[in-house]
């Protein structure tokens, strides 16, 4: 009798395991017309205050030059803007631009998701901000390298992890050797004067 109960339990457990499936969150930016007239949410499908974040448009740059153009264009229009990652894992409404509702711009890092350079002599790799932690770990492993501490959800992006300061835990920030940031150079470091540039910061 006991053996029968055990067998039944094992078979029902197997059925339950077969029925359980997981999938990544859906797109966090939904637009009514192309890349305009959009709503932004997070990986959980709702912000804590249950409000709706509406933006005028979303940009999907895939290169630094396209990123600069998106930021420069929004600056010219005096548009509020925020970056948004593929899954927007944060609970607070960090990816919603300020300013009038429906007038802002979100810039997605979804297509900035590549491994850029590898320097085996110094064990350094350069990645774009939209790469997920899983893809980063795989790219490093393919070169015989590893990130010593990675106790995070592996769907997080490198840019999201660093910009929300989650990297302060478990030593990941100590592994950051530098960053290239798109920002406005008010000092006018080039002949063209003030404007949007890729600013480099090394540690």
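Residue numbers (mature numbering (1 follows the signal peptide of the UniProt record, and there is no 0)): -22 to -1, 1 to 181. Even glycine gets a Cβ: it sits at the ideal position worked out from N, Cα and C. All figures in this text were calculated on a predicted structure; none of them were measured in a lab.
Is the distance from the Cβ of residue 90 to the Cβ of residue 160 below 7 Å?
no
On the DSSP bridge list, what partners appear for residue 60?
DSSP links residue 60 through a beta bridge to 84.
Run through DSSP, which three-state label would residue -14 get?
In this prediction, residue -14 scores a pLDDT of 48, lower than 50, which makes its location untrustworthy; no coordinate-derived value is stated.
Selection from 40, 106, 56, 5 that minimises the alpha carbon distance to residue 78:
For residue 78, the closest alpha carbon among the candidates 40, 106, 56, 5 is that of 56.
Rounded to a whole number of angstroms, what is the C-alpha to C-alpha distance between residue 83 and residue 104?
So the two alpha carbons sit approximately 27 Å from each other.
So what does residue 174 bridge to, in DSSP terms?
In the DSSP output, where bridge partners are listed per residue, residue 174 has 162.
Below 8 Å, can you find three or more Cβ-Cβ pairs linking the stretch 123 to 137 to the stretch 104 to 115?
Flag = yes, the stretch 123 to 137 and the stretch 104 to 115 touch.
Indicate whether residue 135 and residue 63 have their beta-carbon atoms separated by less than 7 Å.
Yes.
Span separating the alpha-carbon of residue 153 from that of residue 92:
18 Å
On the criterion of 16 or more Cβ atoms from any shown chain inside 10 Å, does residue 52 qualify as buried, or is it exposed?
The Cβ neighbour count for residue 52, taken over all protein chains shown within 10 Å, is at least 16; the residue is labelled buried.
Does the stretch 35 to 45 come within contact of the stretch 10 to 17, defined as at least 3 CB pairs closer than 8 Å?
yes
C-alpha distance - residue 25 paired with residue 117, whole-angstrom precision
Roughly 33 Å separates the two Cα atoms.
So, using beta-carbon positions, are residue 155 and residue 121 closer together than 7 Å?
no
Buried or exposed for residue 87, please, with buried defined as at least 16 other CB atoms from any protein chain shown within 10 angstroms of its CB.
It is buried - the Cβ of residue 87 has at least 16 other Cβ atoms within 10 Å.
Is DSSP giving residue 40 helix, strand or coil here?
Of the three classes helix, strand and coil, the one that applies to residue 40 here is coil, per DSSP.
CA nearest to the CA of residue 158, picked from 176, 85, 142, 96:
176
Own chain partners of residue 106 with C-beta closer than 7 Å, once the 5 adjacent residues on each side are dropped
Correct list, in chain order: 90, 91, 92, 94.
With 16 other CB atoms within 10 Å as the buried threshold, where does residue 124 fall?
exposed
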